[in-house]
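Colleague:
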Amino acid sequence: MTNFQIGAQLYSVRDHCQNYADMLETMKALKAMGYNTCQFSAHGKDITAQQLRDILDESGMTCASTHISFAEMESDLDKVIREHKLWGCKYPGIGGLPVEFRTAEGYLEFARRASKVADQLLDNGMHFVYHNHAFEFYRFPETGKTGLEMLMENCSPSVQFELDMFWVQMGGGNPLDFIRKVKGRMGVAHFKEMNGTPENRNAMAPIGMGNMNWKAIMDACDEIGVEFAMIEQDNAVESDSLHCMEISHDTLARLGGRF
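Each residue of the sequence shown is one higher than the one before, counting from 5 in the working numbering.
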């Protein structure tokens, strides 16, 4: 069984999390499947921080990590800290690099600003986590480095990386290699499946319905001391998002995943 705990990234079931009542029932459904922890993301904006705490309490779930906006972190970090303490969550994170930073110079500017936020979060017992996509693997001709390399080299050690296995592979990276590259800097990972299609493109799928080497990925995450891995399927809402999460849960449970 894995040392790290596997949870549900609520972005996968965002179609069921747009109001208090629906989100509560969704969390209860995830709990019944075998999930015990989650990542807050893309829920209805009218659901208050206290209501999220109430949902956790009533469903029996915990919140291990979040995705919020970088603008919110910079503009009102005290509120971010206060809410994450309310939820018992020590991994506040962002779901992607804001568009304005997606240049060679922009990555360096983001590294500077994210480091400042991350250092303050660490002073409060929390860890800033950065979730990648494939565009960070573009190699800039003016630097000879990828965006992800520039972040890894220029961010404070307090900045952690929430590697998304699908997007690492989509960007041309080897997930196993990159897991080991962020040793000591990844408390939370994202598990997302990649499948082929008859149209000759890569697609997301429930875990177990694609081709990624999940046993090796899980072993590598244990090797570097990952604490949580969140299952995410962005396009699950196009079919039956709760059923997709059940397939993913059952696949990883059979492989020894701890929930």
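Built from N, CA and C at the ideal position, the CB exists for glycine as well.
Helix, strand or coil for C42, going by three-state DSSP, please let me know.
Modeller: strand
Colleague: Please list the terminal residues of the continuous alpha helix (DSSP H) segment that includes I228.
Modeller: Looking at the DSSP string, the run of the alpha helix (DSSP H) that includes I228 is W218 to I228.
Colleague: Please report the residue range of the alpha helix (DSSP H) in which E153 lies.
Modeller: G151 to N158
Colleague: Since T66 and T41 should fall inside the 8 Å C-beta cutoff, what is the C-beta to C-beta distance between them, to a whole number of angstroms?
Modeller: 5 Å
Colleague: Report the option in E109, Q164 and I59 whose CA atom is closest to the CA atom of K149.
Modeller: E109
Colleague: Roughly how many angstroms lie between the CA atoms of A122 and F132, to the nearest whole one?
Modeller: 5 Å
Colleague: Using DSSP's beta-bridge definition, name the partner residues of R143.
Modeller: DSSP, once it has assigned bridges, lists T150 as partnering R143.
Colleague: Taking buried to mean at least 16 other C-beta atoms within 10 Å of its own C-beta, is V192 buried or exposed?
Modeller: Buried, by the Cβ-count rule.
Colleague: Please state the DSSP three-state secondary structure of A257.
Modeller: Looking at A257 - three-state DSSP - the assignment turns out to be helix.
Colleague: So for T6, helix, strand or coil by DSSP?
Modeller: For T6, the secondary structure class from DSSP, reduced to helix, strand or coil, is coil.
Colleague: What three-state label does DSSP hand H20 in the structure shown?
Modeller: helix
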